[in-house]
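Data block below; observations after.
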Amino acid sequence: MLQKINGHTNRACRLLKDADPREFFPRTLEFSPPARGTWNIVHTGLQLPEAHQIYICASGCLRGVILTAAERGAMNRFSTIELLEKDLVRSDNERLIIDGVTDILQGLPKLPPAVLIFTACFHHFMGTDLAYVYHELRQRFPGTDFAECIMDPIRQTRSITPEERLRREIYRLWRPRPQESRTCNILSGNLPTDATSELTQLLQTNGWTVRDMTTCHSYAEFQQMAASCFNIYCNPFGHKAARDLKQRLGQDYLFLPQYWRYDETLNNLSQLAARIHVPLPDYRPRIAECELALDALHEQLGDTPIALDYTLTFAPFSLARLLCEHGFQVCRIYADAVTPEDRADFDWLQQTHGGIELWSTKNPDERVTPRGTSGKMLCLGQKAGLVQRQPVFRRIRRRWRPLWL
Amino acid sequence: MKLHQTAHILSTYSADTFGVCSALFELGGMIVMHDPSGCNSTYTTHDEPRWYDTDSLIFISGLNEQDAVLGRDDRFIRDVTESARQFQPAFICIIPSQITFLIGTDMKALARIIGQQTGIPCFTLPTNSMHYYTRGIYYALEWLATWACQQQESTAAGPQADQTVAASPAPAQITSTAHPTNPLRVNLLGVTPQDFSLNDADTAMKEWLQTAGFSPQSCWAMGETLDSLIHSTEADVNLVVTYGGLGAARILQQEKGIPYVIGTPIGAMQELLAVALRATAEDKQIRSPYLNGISPTTGQTDSTASLSTLTAAPPLSLSSAPMSAGTVDNPAALADAQSAPMQPQLIVGESIYAQSLAAALEAAGCGHYQVIVPVETERTLLRPDTLQLTDETDLIPRFAKARTIIADPMYAPIITADAQLIRLPHEGFSGRLYAKEIPNLITRSGFTALRAKCPQ
Chain A
1 MLQKINGHTN
11 RACRLLKDAD
21 PREFFPRTLE
31 FSPPARGTWN
41 IVHTGLQLPE
51 AHQIYICASG
61 CLRGVILTAA
71 ERGAMNRFST
81 IELLEKDLVR
91 SDNERLIIDG
101 VTDILQGLPK
111 LPPAVLIFTA
121 CFHHFMGTDL
131 AYVYHELRQR
141 FPGTDFAECI
151 MDPIRQTRSI
161 TPEERLRREI
171 YRLWRPRPQE
181 SRTCNILSGN
191 LPTDATSELT
201 QLLQTNGWTV
211 RDMTTCHSYA
221 EFQQMAASCF
231 NIYCNPFGHK
241 AARDLKQRLG
251 QDYLFLPQYW
261 RYDETLNNLS
271 QLAARIHVPL
281 PDYRPRIAEC
291 ELALDALHEQ
301 LGDTPIALDY
311 TLTFAPFSLA
321 RLLCEHGFQV
331 CRIYADAVTP
341 EDRADFDWLQ
351 QTHGGIELWS
361 TKNPDERVTP
371 RGTSGKMLCL
381 GQKAGLVQRQ
391 PVFRRIRRRW
401 RPLWL
Chain B
1 MKLHQTAHIL
11 STYSADTFGV
21 CSALFELGGM
31 IVMHDPSGCN
41 STYTTHDEPR
51 WYDTDSLIFI
61 SGLNEQDAVL
71 GRDDRFIRDV
81 TESARQFQPA
91 FICIIPSQIT
101 FLIGTDMKAL
111 ARIIGQQTGI
121 PCFTLPTNSM
131 HYYTRGIYYA
141 LEWLATWACQ
151 QQESTAAGPQ
161 ADQTVAASPA
171 PAQITSTAHP
181 TNPLRVNLLG
191 VTPQDFSLND
201 ADTAMKEWLQ
211 TAGFSPQSCW
221 AMGETLDSLI
231 HSTEADVNLV
241 VTYGGLGAAR
251 ILQQEKGIPY
261 VIGTPIGAMQ
271 ELLAVALRAT
281 AEDKQIRSPY
291 LNGISPTTGQ
301 TDSTASLSTL
311 TAAPPLSLSS
321 APMSAGTVDN
331 PAALADAQSA
341 PMQPQLIVGE
351 SIYAQSLAAA
361 LEAAGCGHYQ
371 VIVPVETERT
381 LLRPDTLQLT
391 DETDLIPRFA
401 KARTIIADPM
411 YAPIITADAQ
421 LIRLPHEGFS
431 GRLYAKEIPN
441 LITRSGFTAL
451 RAKCPQ
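Residue numbers (our numbering), protein chains in the order written: chain A, 1 to 405; chain B, 1 to 456.
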């Protein structure tokens, strides 16, 4: 561990006890690990039924999003307007967007009910009048809803991120309608919430209808979500959307972070039970089941070291604490920051398990850090798995693929 | 008529910044894209198949709005310098992307400062993510050629040797090395996964050279080190296999008197190129067999006839022409396309590779193929009926009249049901999506398999 690189300290790693939660690793150049499987804004946009996405940027920016759509087999719901050098000196970039979007929409077999338009850093720096653009587009296509999305990574570290904005803009498509009692939405998730989860069960067994964009089959069904009484979300990218909906539609919200430990999960469920005015069920049998499962797993793994990363969960420190509390040997955590909701577990680990190695996923030194371990290691998450390579990753035609997925 | 710049359903080609990274990937340098956080993941995910098992120092600066607006170049210098000291790369290449280009960041000045502070050669190239990968490869290999010439001169045996190199007329020098008992040494220029993927096409090209009686001197830039490229200045002749290699060829000709031949060794092109390489090594004239070796209109079917045509053909007079793609930025190309006849058989791809393939298919009796080049090239490299077209609006009418189209599968949505699409995935267009399908057309079996799919 903590090998030196050309005689210098490895900047990609430090012990948990030495980590500053305000900034784990100083800002510097960034490395992109050869493990990419997390969702991006294209995936999220594709969840909106019947919607079409249009990206307006340079080829270097377009390429990643186009190929994401292509890999999802969704090119028929995806179009682009490519910016060229001449566009840097033109004074009517608004016209390029308006005419380009018009051209694309008129070329579709059927006008979509919603269009997600993604402008870029370029438009921000050029001062493009996007209010005029959307006003004009809405005039031209009164039957289509336009979501004002932006793919501007240049602003993401100090402003709203593209992921947060996209979620907010998608839900801004909801038109106000009378609220229906005993209905709630699950916002901002990447995947449908498990129907057998305590969260879903608590709602449904008490007569609540649960709506989720990831399970909607039509745009009309998505619009129906506007009638729900309140919103629940587990994905921190949903903060902006939830606050915006409360302000705009009066929908209250509950943020129930994706915790791993019993008391945290019970706290989430208690909040939900209080919100829907039902008693909290007795979860002790479920906890006992979990304990048995964890014991069985521990028996199987023994002292096998465990590495985990933030791509597996929004709360890696909560998961690490759960594992440590049950005797597992967590040796590495891959995370570049700690979220407010995960901070308490980070603090606990720092005080009690300060010897755990904390690794950056994007510090340049990661690139030259030797990969693999001499013995077996259980890797939870693609980035941890890639760095450790064996035994959870195996080589298939120059690609590293996780076996457990 | 649909608008230019809009793509209803097509992909876009890899960007110039990624072309630079691809060309320099294996050479031990550190390449830094001056761009916001995450913008490098497109390259590492879709455009660089070597990223998974070959370590290379390719990073991004993580430019943010505040630093861009406030002109915090000092942070960029600090970050690059810090990592350069950590890794001690052979060189540092810093390349601007869209926003740094837009705000006019003085990358040359930054390169000079970083070079002075680290003692490591640092340079920049004119990228902005608003052009295609061929342009990036061109500039990167061109820089490498300049560097290799400088290194070769500075490491020569002594002042006298330097004077000898400088004073000797290049032709005499090369004639002396082209002795029959010493096979001609050939550099392959313009070889990257963007055009050839990772299917051993680079190895196949070297094997072909050896089989044809040549000695492969270097391959720019796969399977090489920076040191090995220095020795490429000792070659007798260069073979430019894609447009990305042409800038290096020009430098090596200018500085070292090494002449060059243009073409990709596919099918019958292998014999034609072998003849051309020998002739060019001897008379120092540029040749491009796909341009003047096979008649594009008659469709030579007999390779012997083609060979005799080549040896009789006049050398190519290749003046430097502006680099351009088939976008609306290139109105001359669009105007040419308006008046060009519609052809029933099309190939879409990189200029030298696709035209070499067309020539090879024609020589194999498959009839004439018109080539469409969407990415940057030079007009003088194109056959008379080759078109430079990039946008859907220009491609759709051409595709509508075609009977057979050899192209990346991502073009399928704009190909009519009446036409046959012969799938030829191109990593520079569809990335990793169809990478497993990309054939190695340098091998006889690879070319034969493709030819078998073409109407005879």
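C-beta: ideal position from N, C-alpha, C; glycine also. Treat the numbers as computed from the prediction; the structure is a model and nothing was measured.
Pair within 9 Å by beta-carbon distance, residue i and residue j
i, j, result
"cysteine 57 of chain A", "methionine 151 of chain A", "yes"
"cysteine 453 of chain A", "threonine 42 of chain B", "Past the boundaries of the shown model lies residue 453 of chain A; chain A is included only from 1 to 405, so the question cannot be answered."
"alanine 249 of chain B", "alanine 145 of chain B", "yes"
"tyrosine 290 of chain B", "arginine 383 of chain B", "yes"
"arginine 379 of chain B", "serine 324 of chain B", "yes"
"phenylalanine 59 of chain B", "valine 32 of chain B", "yes"
"phenylalanine 18 of chain B", "glycine 136 of chain B", "yes"
"aspartate 145 of chain A", "asparagine 185 of chain A", "no"
"glycine 326 of chain B", "isoleucine 372 of chain B", "yes"
"alanine 186 of chain B", "tyrosine 353 of chain B", "Residue 186 of chain B is actually valine in this sequence, not alanine. No."
"methionine 222 of chain B", "glutamate 26 of chain B", "yes"
"methionine 107 of chain B", "isoleucine 95 of chain B", "yes"
"aspartate 347 of chain A", "proline 142 of chain A", "no"
"aspartate 349 of chain A", "cysteine 324 of chain A", "According to the sequence displayed, residue 349 of chain A carries leucine and not aspartate. The answer is yes: Cβ separation under 9 Å."
"tyrosine 334 of chain A", "lysine 376 of chain A", "no"
"leucine 272 of chain B", "phenylalanine 214 of chain B", "no"
Assigned secondary structure, residue i (DSSP; H/G/I helix, E/B strand, else coil)
i, result
"cysteine 39 of chain B", "coil"
"methionine 130 of chain B", "coil"
"phenylalanine 196 of chain B", "helix"
"isoleucine 51 of chain B", "Note that residue 51 of chain B corresponds to tryptophan in the displayed sequence, not to isoleucine. DSSP places tryptophan 51 of chain B in helix when its eight states are reduced to three."
"tyrosine 369 of chain B", "coil"
"serine 218 of chain B", "strand"
"tyrosine 55 of chain A", "strand"
"leucine 280 of chain A", "coil"
"histidine 8 of chain A", "strand"
"threonine 203 of chain B", "helix"
"methionine 342 of chain B", "coil"
"cysteine 454 of chain B", "coil"
"isoleucine 160 of chain A", "coil"
"leucine 10 of chain B", "coil"
"alanine 235 of chain B", "coil"
"glutamate 376 of chain B", "coil"
"phenylalanine 76 of chain B", "helix"
"leucine 316 of chain B", "coil"
Contact set between residue i and chain C, taken where Cβ atoms lie within less than 7 Å
i, result
"methionine 75 of chain A", "Judged by its chain identifiers, the structure shown contains no chain C, and its protein chains are A and B."
First through last residue of the alpha helix (DSSP H) which encompasses residue i
i, result
"isoleucine 41 of chain A", "41-46"
"threonine 17 of chain B", "16-24"
"leucine 382 of chain B", "Unbroken run through leucine 382 of chain B: none, as it is neither H nor E."
"tyrosine 219 of chain A", "219-224"
"leucine 245 of chain A", "239-249"
"glutamate 282 of chain B", "269-283"
"valine 69 of chain B", "65-70"
Span of the beta strand (DSSP E), counted from its first residue to its last, around residue i
i, result
"threonine 183 of chain A", "183-187"
"glutamate 357 of chain A", "357-359"
"glutamine 265 of chain A", "Sequence check: residue 265 of chain A is threonine here, not glutamine. Premise fails: threonine 265 of chain A lies in the alpha helix (DSSP H), 262-275, not in any beta strand (DSSP E)."
"aspartate 252 of chain A", "252-255"
"methionine 33 of chain B", "30-34"
"proline 397 of chain B", "Unbroken run through proline 397 of chain B is the alpha helix (DSSP H), 392-401; no beta strand (DSSP E)."
"glutamine 345 of chain B", "345-348"
Q. Fully enclosed by the region 94-135 of chain A, which beta strand (DSSP E) runs are 3 residues long or longer?
A. 114-120
**Q.** Sequence ranges, beta strand (DSSP E) only - wholly within the region 419-452 of chain B, length at least 3
**A.** 420-423
Q: Decide if the region 62-81 of chain B is in contact with the region 34-51 of chain B; the criterion is three or more beta carbon pairs, one per stretch, under 8 Å apart.
A: yes
Q: Only counting runs of 3 or more residues, tell me where the beta strand (DSSP E) segments fall wholly within the region 306-380 of chain A, in order along the chain.
A: 329-334, 357-359 and 378-380
Q. Do the region 354-367 of chain A and the region 28-46 of chain A make contact, defined as three or more Cβ pairs closer than 8 Å?
A. yes
Q.
With a threshold of 8 Å, are at least 3 pairs of Cβ atoms found where one atom belongs to the region 123-133 of chain B and the other to the region 229-237 of chain B?
A. no
Q) Which ranges would you report for the beta strand (DSSP E) in the region 93-124 of chain B if only whole runs of at least 3 residues count? A) 122-124
Q) Taking three-plus beta-carbon pairs below 8 Å as touching, is the region 237-249 of chain A in contact with the region 194-208 of chain A? A) no
Q) Can we say the region 47-57 of chain A touches the region 413-427 of chain B, given the rule of at least three CB pairs closer than 8 Å? A) no
Q) Is there contact between the region 359-370 of chain B and the region 427-438 of chain B, where contact requires at least three CB pairs shorter than 8 Å? A) no
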